[in-house]
Structure formats: C-alpha cells, structure tokens
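**Q** The numbering of the sequence shown is the working numbering, which starts it at 1072 and goes up by one. A virtual CB, placed ideally from N, CA and C, is assigned to each residue, including glycine.
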Amino acid sequence: MNEQEISGLVKAVLESMKDTGSEHAPGHVCKCKQHKMTLDKANALIEKVKAKASEMGVRAVVAVADQAGRPVAVQSMDGAYIASFDIAVNKSFTSASLKMSTEALSRLSQPGQSLYGIQFTNGGKIVIFGGGEVLEAEGKMIGALGVSGGSAEQDTELAAYGREVFKEVISCL
C-alpha cells in the first residue's frame, strides 16, 4: 500500500465519523462530553436520586450504566437491602440494552404480550418491573439508570425523577 492509498483510507474513515444531522459545523468529528456517560455525570445523578430517596424515606441502591449497559457507578444508601444492589444494576442494564424503561417493559412482558418471557433471557439480567430508565443527552441515549430499594412504585418514581433531573446534571458539567 502506498502513501496515497493510505491517505485516501484515512480520509474515508474521517468522513464516516462526521456527526451528520447535528448542530455542529460540517466536518466536525464529535467528541462532545454530552454524548458520553462519565463517572462525574453518573455520581452527580446518583447524589440527586439519593437525596430524593431520603425525602421519600427509601433506602435505595442507585446504579448508572453506559449506553452498552456496563455499570459506571453504583451506590448503596445505608440500610439498603443487599438484594437491591444486583437489582439496580440489572435495571440499568435492562433499560440500556432494550432502550426503554423497565416500567414500559413490565407491560410488554405480561402473559399474552409480545415480550412475554423476556426475563428469562440474557442470563436472567432482564428486570420486568419499574425502576429502570434510559438517560439521554441531546436526544441520544448515553446510558441508563437503575433504582432499587423501595416498592415498585417508589423505584419507578425515583427512576423517572432521575431521568428528568439528568438534564440538569449534564447542563452543569
């Protein structure tokens, strides 16, 4: 391969990396922090969700995953159930991997529905009750949140709160 061929290949790769359809200038190769889940974002969000859980009297475990469902940060409030750790991590995995809230999945996974039995896939990591939410920045999924420790309704409320307050978190970082 000669220098001209290598140069052409590099140019083609750079062209394919351009962020089309965004507010950025033509030719911009997007490396913006908003499009990536970071430890700082995850921890800032977890702190807000833990504060809300305290207000509600819930001792929760809060997990944040990246867009591939891998945990970025997990924190357990004092006195949280031991089982809540794995449940919160799996809720974040479920929401990231299926790109939906676990509350929405709970309806789709009922007997007779299109995703009935899905909880038996992925090594049992799929959670079919509320408490998991997709996290977005600029309309793109960058991660997911999982909350466990209260009732299904409380976990669902805390996760929905987290999804909404995440917009505030990313604007501050």
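1. Which residue from L1116, G1233, L1229 puts its Cα closest to that of R1130?
2. Does V1240 come out as helix, strand or coil in the three-state DSSP assignment?
3. Measure the alpha-carbon distance for K1238 versus P1182 and round it to whole angstroms.
4. Give the straight-line distance between the Cα atoms of I1199 and S1155, rounded to the nearest whole angstrom.
5. Are the CB atoms of G1214 and Q1138 within a distance shorter than 8 Å?
6. Nearest to L1116 by alpha carbon, out of E1204, G1194, I1077, N1193?
7. To the nearest angstrom, how far is it from the Cα of Q1184 to the Cα of E1235?
8. What are the start and end residues of each continuous beta strand (DSSP E) run of 3 or more residues lying completely inside the segment 1120–1160, in chain order?
**A** To lay it out plainly:
1. Counted from its first residue, the sequence shown places residue 1130 at position 59. Of L1116, G1233, L1229, the residue nearest in Cα terms is L1229.
2. The residue you call residue 1240 lines up with position 169 of the sequence shown. DSSP places V1240 in helix when its eight states are reduced to three.
3. As a working mapping, residue 1238 is identified with position 167 in the sequence shown. As a working mapping, residue 1182 is identified with position 111 in the sequence shown. Answer to the nearest angstrom: the Cα atoms are 35 Å apart.
4. The residue given as residue 1199 occupies position 128 in the sequence shown. The residue given as residue 1155 occupies position 84 in the sequence shown. Rounded to whole angstroms, I1199 to S1155 spans 14 Å at the Cα level.
5. On the sequence shown, residue 1138 is found 67 positions in, with the first residue counted as 1. On the sequence shown, residue 1214 is found 143 positions in, with the first residue counted as 1. Against a cut-off of 8 Å, the Cβ pair of G1214 and Q1138 comes out as a contact.
6. The residue you call residue 1116 lines up with position 45 of the sequence shown. Nearest of E1204, G1194, I1077, N1193 to L1116, Cα basis: E1204.
7. Position 113 of the sequence shown, counted from the first residue, corresponds to residue 1184. Position 164 of the sequence shown, counted from the first residue, corresponds to residue 1235. Each residue's alpha carbon lies about 28 Å from the other.
8. 1132–1137, 1142–1147
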